[in-house]
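Working notes, structure below.
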Amino acid sequence: MEKITNLAITILKKNFNEGDFIFSHSLRVALILKGMGLDDVSVSCGVLHEFPETVLESLNELAGVGEDCQKDILKVIKKFKQLEELCSGKIKFKFQPLNKWQKFFLDLRAENLRKMFFAITGDLRPIFLSLANKLDEMQNIGQFKKEEQIRKCLESLEIFSPLAYGLGMGEIKGQLEDLAFPLLYPKEYQWLENNVKEKYKEQKEYLRQIKLSLVKILEEENIKPIKIEARTKHYFSLYQKLLRYNMDIDKIYDLVALRIIVPDVETCYQTLGVLHKFYQPLPSRIKDYVASPKPNGYRALHTTVICLEGRIVEIQIKTYEMYREAEYGPAAHLEYKEELPKKTYKHQFYWLEQLRKWQEEVKDTKKISEYLRSELFKDRIFVMTPKGDVINLPREATPIDFAYAVHTAIGNSVAGCKINGKISKLSHPLKGGETIEIIKDDNAHPSADWLLFAKTKLACDRIKKWLEKNRGLEISIKKKETKTIKKSILSAFFPIRPKNIVQICLEGEAGFLVSLAKCCLPKEGDEIEAFITKIKGAAIHKKDCENLKKLKERCPEKIITATWRKFTI
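For this note's numbering, count along the sequence shown from 1 and bump the result up by 41.
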């Protein structure tokens, strides 16, 4: 670690002035990762993440870094850059009213984004690096131009805050939101600042008195807390809560809460009992997140009690491990060497449940990334709409499955598709990270052939339903078998005349959406070429068509070879 850091600082100094953003940014990102308690490889990636690949591939030679370590660093940074490219290129961000963010991090799109990040990286460390990188950018947002500031704030709210939430990294989630808040919603932020600043100050002083009383009470009961501290609610989170309470700040009891950190789980429950012995609890506000953690893995005991002067105070009780989990999520576990609790917890997010189980069963944390890569997402892919929405599909799914996953109406009007901007077949198996654009046509409709390559039950059910309703077809294996038998019997007595079919192939492949150009009306036997259009697939022109020559000059990249193919059925 020391060798890598010294080498990185030397290279950074040669290429950047010490005051330059890249130089200081790289070192700050490394410090954030160090603060999470991550390993030397992760911290080294923080220092090196802005470096070109040529430098990373020479770490063995330049700093005497072991070959395995060099490969590990290179792998983490490559995956990190994939995520950066995804966020900057494929995902579209839009400004939304403040109240729209209220449950954004709980919705399906946010969950799918989290899952896609894991599917792409197969490792937690590139995600930690992405979060540390984004946090430092937000903490130094003034270094960027105004337009870039807005984009980075929207990235924080739309991707990185939900990502941190899903990992149980509450402190990072809160910081990212609070840093974006004043830039995106300056009026609302100023209103909150004006209305809560004095209240925060006054409540902190009140809780200081309560803390003194608590220390004495717990000592009398032979409970020795590791720490008792005031926890201030993040501004963005507070504003979201105020929206649910008609902006009445007096109804917010956890504006400033007390956090009691104790040595173990047993002491958590003992402390809760002592608190309820001396202070009257509000029964509806006692939460046991130790026995039943939140979906993102958060664990603690929460209680709200009536204290001095009849004032209501929220108190959180947790172990140091729970506290670290709430701050840094799974990263917190990487610094613990002792045995993790034996009890398994049920979680809404499948990946988090599996990760926790894996951590409980396996002491070697290096195997976690191997597990994520080989097991967690082996049967799923995550593809994107042109607007940047993530669609979760089974492996080998096709554009037809994608279309029906977006909306039945889109599936029923598919005329063709583009994958990463290129015309593709509807039967083409999709790959993770691809952007799929469905070409619709009001005159298009489902075909029985789609059932041969559709993979999802949803798509197959919708196709069958349309065929039954619009063509009077009853699709079932039994009836298909019956029809096949009948056809075989009929053909034995009444030979069916062969039928000639002519297809147009694009670059040797059939099955694409094509149309004949009206300017030259090519017919079978003519030499042809295709021009890729935005909506109607490929327009087929005669090779000597004057319009095609003009299109070649303007957009040569959209011209592809086309041929006629004849076959008999």
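Heads up, the beta-carbon is just placed ideally off N, CA and C, and yes, glycines get one too.
Three-way DSSP call (helix, strand, coil) for Asp329 in this model:
strand
Pull up the DSSP beta-bridge partners for Leu79, would you.
Answer is none; Leu79 lacks a bridge partner.
Quick one: give me the first and last residue of the alpha helix (DSSP H) that Glu189 is part of.
187-196
In the DSSP output, which residue or residues are listed as bridge partners for Cys458?
Ser465, Ile479
Nearest CA to the CA of Ile358: which residue from Thr273, Thr308, Cys348, Phe319?
Thr308
If you draw a straight line from the alpha carbon of Pro266 to that of Glu246, how long is it in whole angstroms?
21 Å
For the ligand ZN, is there any heavy atom lying closer than 7 Å to the beta carbon of Val303?
In terms of ligand content, the structure shown is empty, and the ligand ZN therefore cannot be addressed.
Minimum C-alpha distance to Ile480 - residue among Lys472, Ala558, Ile441, Ser488:
Ile441
Is the beta carbon of Tyr369 closer than 8 Å to that of Leu77?
In the sequence on display, residue 77 carries Met and not Leu. Yes, Cβ-Cβ distance for Met77 and Tyr369 is below 8 Å.
For Lys521, which of helix, strand or coil comes out of DSSP?
Annotation note: pLDDT 48 at Lys521 (below 50); position unreliable, coordinate value reported separately. Lys521: helix per DSSP, three-state reduction.
Looking only at its chain, what residues have a beta carbon closer than 6 Å to the beta carbon of Tyr286, apart from the 5 residues adjacent to it on each side?
Lys292
Please state the DSSP three-state secondary structure of Gln340.
Residue 340 is actually Arg in this sequence, not Gln. In the structure shown, Arg340 sits in coil (DSSP, three-state: anything other than H, G, I, E or B).
Gln544 classed as buried or exposed, judged by whether at least 16 other C-beta atoms fall within 10 angstroms
exposed
Got a sec? Which residues, its chain only, sit under 7 Å from Cys348 by beta carbon, not counting five neighbours each side?
Ile251, Tyr320, Val354
Output the distance between the C-alpha atoms of Leu248 and Leu342, rounded to the nearest integer angstrom.
19 Å
Other residues of its chain near Asp490: CB distance less than 6 Å, five sequence neighbours each side excluded:
none
In the DSSP assignment, what are the bridge partners of His582?
Glu570
Can you find at least 3 beta carbon pairs, one from the stretch 60-69 and one from the stretch 79-97, that sit closer than 8 Å?
yes
Are there 16 or more other CB atoms within 10 angstroms of the CB of Arg166, so buried, or fewer, so exposed?
buried
I'd like to confirm the pairing. Which residues does DSSP put opposite Ile600 in its beta bridges?
Phe572
What's the C-alpha gap between Lys432 and Ala571?
Lys is not the amino acid found at residue 432; the sequence shown has Ile there. Going by the C-alpha atoms only, they are around 31 Å apart.
Using beta-carbon positions only, say whether Asn453 and His486 come within less than 8 Å of one another.
yes
Between the stretch 272-289 and the stretch 309-328, are three or more C-beta pairs nearer than 8 Å?
no
Cutting at 6 Å between CB atoms, please list the residues of its own chain near Ala444, excluding the five before and the five after it.
Ile451, Gly452, Val455, Ile479
Does the distance from the C-beta atom of Pro427 to that of Thr476 stay below 8 Å?
yes
Short of 8 Å in beta carbon distance, which residues of its chain neighbour Ser410, apart from the five on each side in sequence? Order them along the chain.
Here Ser410 scores only 44 on pLDDT, less than 50, and its place in the model should not be relied on; the value that follows carries that caveat. Cβ neighbours of Ser410 beyond the five flanking positions: Gly163, Asp164, Leu165, Arg166.
Mapping DSSP to helix, strand and coil, what is Lys268?
strand
Taking the Cβ atom as the reference point for each residue, do Ser85 and Phe169 lie within a distance shorter than 8 Å?
no
Based on the DSSP secondary-structure assignment, which residues constitute the bridge partners of Thr360?
Val303
In terms of residues, what are the limits of the beta strand (DSSP E) holding Pro440?
First-last for Pro440: 440-447, but that is the alpha helix (DSSP H), not the beta strand (DSSP E).
Which partner residues does Trp605 have in the DSSP bridge list?
Ile545
Return helix, strand or coil for Asn642, following the three-state DSSP convention.
What the structure shows of the chain is the stretch from 42 to 610, and residue 642 is not part of that stretch, so it cannot be assessed.
Look up Met425 in the DSSP assignment and give the residues it is bridged to.
Val431, Thr476
Which residues in the same chain have their Cβ closer than 6 Å to the Cβ of Leu117, if we skip the five residues on either side of it in sequence?
Note on identity: in this sequence residue 117 is Val, with Leu being the wrong assignment. Answer for Val117: Cys86, Arg166, Pro167, listed in chain order.
Local conformation of Glu91 per DSSP, three classes:
coil
Just list the residues that DSSP pairs Ile347 with in beta bridges.
Gln321, Ile353
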